[in-house]
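First up is the structure itself, then whatever we jot down about it.
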Amino acid sequence: RPDAVVCGDPTVRFYGGGYLNHPDHRVAADVTLDAVFPSAETRLIFPELLDEGLEPHKVRAVFIHGSDRPDTFIDIADVLDVKLAALKQHKTQMGAWDPTEMITAWARQQGARRKLKAAESFRLMRLHES
Numbered sequence: 009r010p011d012a013v014v015c016g017d018p019t020v021r022f023y024g025g026g027y028l029n030h031p032d033h034r035v036a037a038d039v040t041l042d043a044v045f046p047s048a049e050t051r052l053i054f055p056e057l058l059d060e061g062l063e064p065h066k067v068r069a070v071f072i073h074g075s076d077r078p079d080t081f082i083d084i085a086d087v088l089d090v091k092l093a094a095l096k097q098h099k100t101q102m103g104a105w106d107p108t109e110m111i112t113a114w115a116r117q118q119g120a121r122r123k124l125k126a127a128e129s130f131r132l133m134r135l136h137e138s
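What follows is the structure, encoded as structure tokens:
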């Protein structure tokens, strides 16, 4: 029962002039948002889940990554190396390609927007207060 969910931005089809957002990423983001609201918090959509003891749950916040309108920046300077190491473990996706330069540049670019060395940016949707 998460208080917060992280997903991509299903509305962003391209970034700048040279990168198209993957269609599976858009779809995954879209179904994640649908699952958070209204599906997770109403008894009417999946009543069979009640028989399994799964009660509705209200997610408080959604952090939307890759938004063209970010409003929340999280300092990742101290964990950027951990992020890169984790990404490199996705061998079927990365192959021999080293994402260090690109990911570091993105993190620095986002960080510069808030005078941080490196950051992740999100559009924060506050759905419910605590």
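Read in our numbering, the sequence shown has 16 at position 8, and its numbers run on one by one without any break. Ideal placement from N, C-alpha and C gives every residue a C-beta, glycine not left out.
*With respect to the alpha helix (DSSP H) encompassing G16, which residues constitute its N-terminal and C-terminal limits?*
The residue you call residue 16 lines up with position 8 of the sequence shown. Judged by DSSP secondary structure, G16 falls outside any alpha helix (DSSP H) and instead within the beta strand (DSSP E) spanning A12 to G16.
*asked:* Once the 5 residues before and after F45 are set aside, which same chain residues still bring their CB inside 7 Å of it?
replied: Reading the sequence shown from its first residue, position 37 is the one you call residue 45. These residues qualify, in order along the chain: L135.
_Helix, strand or coil for V70? Go by DSSP, reduced to three states._
By 1-based counting over the sequence shown, the position of residue 70 is 62. Judged by DSSP in its simplified three-state form, V70 adopts strand.
*How about A127 and A115: are their beta carbons less than 8 Å apart?*
Residue 127 sits at position 119 when you count from the first residue of the sequence shown. Residue 115 sits at position 107 when you count from the first residue of the sequence shown. Contact: yes.
*Could you check where the beta strand (DSSP E) with A127 kicks off and where it finishes?*
To locate residue 127, count along the sequence shown from 1; it is residue 119. That run of the beta strand (DSSP E) goes A127 to R134.
_Quick check: what's the CA-CA separation for I111 versus R9?_
One-based indexing of the sequence shown puts residue 111 at position 103. One-based indexing of the sequence shown puts residue 9 at position 1. Going by the C-alpha atoms only, they are around 30 Å apart.
*Rounded straight-line distance, which links the Cα of G119 to that of K125*: As a working note, residue 125 is residue 117 in the sequence shown. As a working note, residue 119 is residue 111 in the sequence shown. Approximately 5 Å between the Cα atoms of the pair.
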